[in-house]
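Worksheet for the structure shown next.
In the numbering used here, the protein residues as written are 398 to 786.
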């Protein structure tokens with residue numbers, strides 16, 4: 398009888414133990430799921446009215462589990478979830494928690510659609526057909542990313558075309574921020590089933606103007622808030638770049654990257670030479686320079702760059718129809734902003750690869766032109782494709 402009781406008691410204990418383990422496993426699974434869900438932006442925190450127009454958060458998805466979150470305030474990519482080699486979703490784009498933080502932050506460009514002119518224009522001045530124009534000065538003595546109220550501060554008209562696709566449009570009126578012409582702009586952001594984030598820009602104008610559109614996403618392929626990007630491996634398919642002066646305006650020269658810290662023609666860690674004694678690195682406080690793409694073709698476009706994360710092994714390839722690529726190594730990030738996951742945007746914890754025409758092109762005759770005239774259509778495509786080792 399004692400043996401029977403012991404046996405019965407043992408079975409009961411084992412059963413209880415198994416039940417407890419199952420409950421813990423279920424709780425852990427639920428916690429992991431909840432953690433993933435909690436890492437996604439709260440859409441209600443992006444609902445508002447600015448300048449009489451409604452703002453919202455829009456979600457795009459593909460069949461592989463990728464998700465992209467956009468707000469029409471500034472046409473911003475808020476977060477981008479990409480599967481790693483184990484199928485876990487990693488948010489590779491640095492984004493702020495809510496709309497209010499985007500409005501208040503002095504670091505205005507996170508994830509934004511940039512215009513009317515991406516990058517810098519010297520002294521804010523340019524000439525078209527013999528007439529001089531002046532844009533607002535917002536970066537030292539220069540204009541940066543469109544001026545004091547560039548497209549990163551406007552509310553775009555948004556239309557979700559399907560689960561994969563978001564269309565943003567905006568009428569930039571004649572002389573807005575000093576740029577001539579009523580410019581009708583449309584950007585289509587889409588997630589393909591090949592794990593590509595595709596950006597397609599079109600625009601027309603009723604008066605000759607200058608135009609250089611891009612997106613200013615900040616990437617960390619190890620995950621948002623997951624430390625430095627200096628150990629990411631970077632390859633840029635460019636053997637030349639445009640050196641700058643102390644205000645980060647191109648000098649007009651196009652120089653070889655060979656034998657300089659700017660040579661990423663072979664994959665190299667971002668941080669390998671970033672502290673070298675080099676005047677150009679001193680001017681930019683690191684990398685903040687335009688690369689002249691070599692014309693290496695893939696997918697019918699310039700293959701601009703390949704980046705590989707050191708911790709997640711996520712790979713990002715950048716393709717574009719643009720002639721240039723601005724590489725920015727997060728040199729002005731200073732922990733001013735709390736990110737969605739509670740970490741801060743500390744020094745060099747994200748990088749940017751902005752597809753573009755060259756900075757200050759309106760004032761450099763030897764750079765590809767950025768003038769758009771009536772009757773012409775501006776049209777350009779860039780793609781950020783994700784894979785794993």
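Glycine residues also receive a C-beta, built at the ideal position from the N, C-alpha and C atoms.
Rounded C-alpha distance that separates residue i from residue j
i	j	result
residue 629	residue 738	21 angstroms
residue 734	residue 772	43 angstroms
residue 457	residue 441	16 angstroms
residue 723	residue 638	10 angstroms
residue 636	residue 704	17 angstroms
residue 521	residue 757	9 angstroms
residue 648	residue 655	18 angstroms
residue 687	residue 697	22 angstroms
residue 784	residue 481	8 angstroms
residue 728	residue 682	6 angstroms
residue 499	residue 475	10 angstroms
residue 670	residue 572	43 angstroms
residue 700	residue 777	14 angstroms
residue 766	residue 720	11 angstroms
residue 569	residue 674	43 angstroms
residue 533	residue 450	24 angstroms
residue 580	residue 504	26 angstroms
residue 513	residue 506	14 angstroms
Closest residue to residue i among the options (Cα-Cα distance)
i	options	result
residue 538	519, 695 and 765	519
residue 631	443, 479 and 663	663
residue 745	622, 695, 436 and 687	622
residue 358	469, 680 and 702	Any property of residue 358 remains undetermined from this structure, which presents the chain solely from 398 to 786.
residue 468	606, 566 and 604	566
residue 651	586, 464, 726 and 755	755
residue 586	531, 510, 578 and 532	510
residue 547	444, 470, 721 and 743	470
residue 692	561, 715, 675 and 437	715
residue 491	513, 540 and 613	613
residue 562	484, 763, 675 and 466	466
residue 661	558, 689 and 568	689
residue 464	556, 504, 454 and 477	477
residue 549	502, 616, 528 and 523	502
residue 762	523, 603 and 455	523
residue 459	589, 730, 725 and 749	589
residue 497	540, 453, 512 and 517	453
residue 725	556, 709, 732 and 627	627
residue 484	559, 513 and 709	709
Reduced DSSP secondary structure (H/G/I, E/B, other) of residue i
i	result
residue 496	helix
residue 598	strand
residue 443	helix
residue 630	strand
residue 573	helix
residue 747	coil
residue 758	helix
residue 555	strand
residue 546	coil
residue 612	strand
residue 653	strand
residue 695	strand
residue 861	The question about residue 861 has no answer here: the residues shown for the chain are numbered 398 through 786.
residue 520	helix
residue 663	coil
residue 501	helix
Close beta carbons around residue i, own chain, < 6 angstroms, minus the five adjacent residues each side
i	result
residue 447	552
residue 427	Per-residue confidence for residue 427 stands at a pLDDT of 34, beneath the threshold of 50, marking its modelled position as unreliable; the derived number appears in the next sentence. None.
residue 780	593, 595 and 716
residue 677	640
residue 461	592
Residue i: first and last residue of the uninterrupted alpha helix (DSSP H) it sits in
i	result
residue 436	399-436
residue 679	676-681
Range of the contiguous beta strand (DSSP E) that encloses residue i
i	result
residue 721	721-725
residue 466	464-468
residue 473	473-480
residue 782	775-785
residue 702	698-705
residue 488	486-488
residue 713	711-717
residue 787	Nothing about residue 787 can be reported from this structure: the residues present for the chain run from 398 to 786 only.
residue 531	528-531
residue 736	Careful: residue 736 lies outside any beta strand (DSSP E) and carries neither H nor E.
Residues of its chain near residue i, where Cβ-Cβ distance is below 7 angstroms and the 5 sequence neighbours each way are ignored
i	result
residue 515	542, 609, 610, 611, 751 and 753
residue 787	A query on residue 787 cannot be resolved here, the shown segment of the chain reaching from 398 to 786 and no further.
residue 774	599 and 601
residue 472	509, 510, 548, 553, 565 and 584
residue 759	518, 523, 607 and 767
residue 667	626, 627, 629, 631, 726 and 748
Sequence-distant residues of the same chain with beta carbon closer than 8 angstroms to residue i, five excluded per side
i	result
residue 605	525, 526, 577, 578, 768, 769, 770 and 771
residue 419	Confidence at residue 419 is low in this model, with a pLDDT of 40, below 50, so the placement of that residue is unreliable and no value is reported for it.
residue 642	648 and 680
residue 749	613, 614, 615, 616, 723, 724, 725 and 727
Heavy atom of the ligand FAD within 7 angstroms of residue i beta-carbon
i	result
residue 481	The ligand FAD is not part of this structure, which contains no ligands at all.
Min CB distance residue i to chain D below 8 angstroms
i	result
residue 647	The chain inventory of the structure shown lacks chain D, comprising one protein chain alone.
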